[in-house]
Structure formats: C-alpha cells, structure tokens
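Chemist: Note that our numbering numbers the sequence shown so that position 26 is 101, with each residue one more than the last. Don't be surprised by glycine CBs; every beta carbon is placed ideally from N, CA and C. Questions regarding the structure given below will be posed in turn.
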Amino acid sequence: MNQSLPILNRIAAGVVGGYAFTWGFCAIGIAALAALGVSVHAAELGVMLLAFLLFLCLFLWAFAAQSMVKVWVVLAGGAALMSGAALLLQRSLVG
C-alpha cells in the first residue's frame, strides 16, 4: 500500500488538480473576453479549445514533476486565484 500512495497522489493531482485549474482558467478567460466585448459563445469556444491542451499539459506535468508539494500548490492555488478573480469580474459585469 505504501508504494501505491505516490502514484495515487500523482493521479489525483493530474485529474482533480488539473480539472480545478482548467476550470478556473475557463472561468477567468470567458469572463475576461466577455468584458472585452467578445460574444459569450465565441469566448466559450475559444477558451474551451485551449482548455483541452491546458488540461493535458497539467496532467502530464503532475507525473513529470519532482515535487508534489509544488504541483499541488500551483494547481490548487491557481485554481483558487483564477476562480476568485473570475467571480469578481463576473459580478462587476453583471451589476
């Protein structure tokens, strides 16, 4: 069981952390493009196309990185920062 924990940690970081970071990227990207005047549907399409590549890179990085602490800090911290910034930007656009 002790040998499988590092592998499970990398899988969780790649899947869960990568998804959360990519979700934050999509949220802030769509909100920023909408604030710049791009239609919401065009913003969604463009950002989602980039999101596929971003998720793949993050997933692979989770397995290539030497420090899992760094991976989790970047993924969780980036997801939280981008999601919070997107929430603030969306609130300023709506009201």
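#1: Applying the criterion that 16 or more other CB atoms from any shown protein chain within 10 Å of the CB defines a buried residue, is M157 buried or exposed?
#2: For A87 versus W147, is the C-beta distance shorter than 7 Å?
#3: Measuring alpha carbon to alpha carbon, tell me which of F134, G99 and L150 ends up nearest Q165.
#4: Mind checking which residues open and close the alpha helix (DSSP H) that includes V90?
#5: State yes or no: is the C-beta of A137 within less than 7 Å of the C-beta of F96?
#6: Expressed to the nearest angstrom, what Euclidean distance is found between the alpha-carbon atoms of F134 and C101?
#7: Taking the Cβ atom as the reference point for each residue, do F130 and G93 lie within a distance shorter than 7 Å?
Modeler: In brief:
#1: buried
#2: no
#3: G99
#4: Here V90 belongs to no alpha helix (DSSP H), and DSSP marks it neither H nor E.
#5: The answer is no: Cβ separation not under 7 Å.
#6: 16 Å
#7: yes
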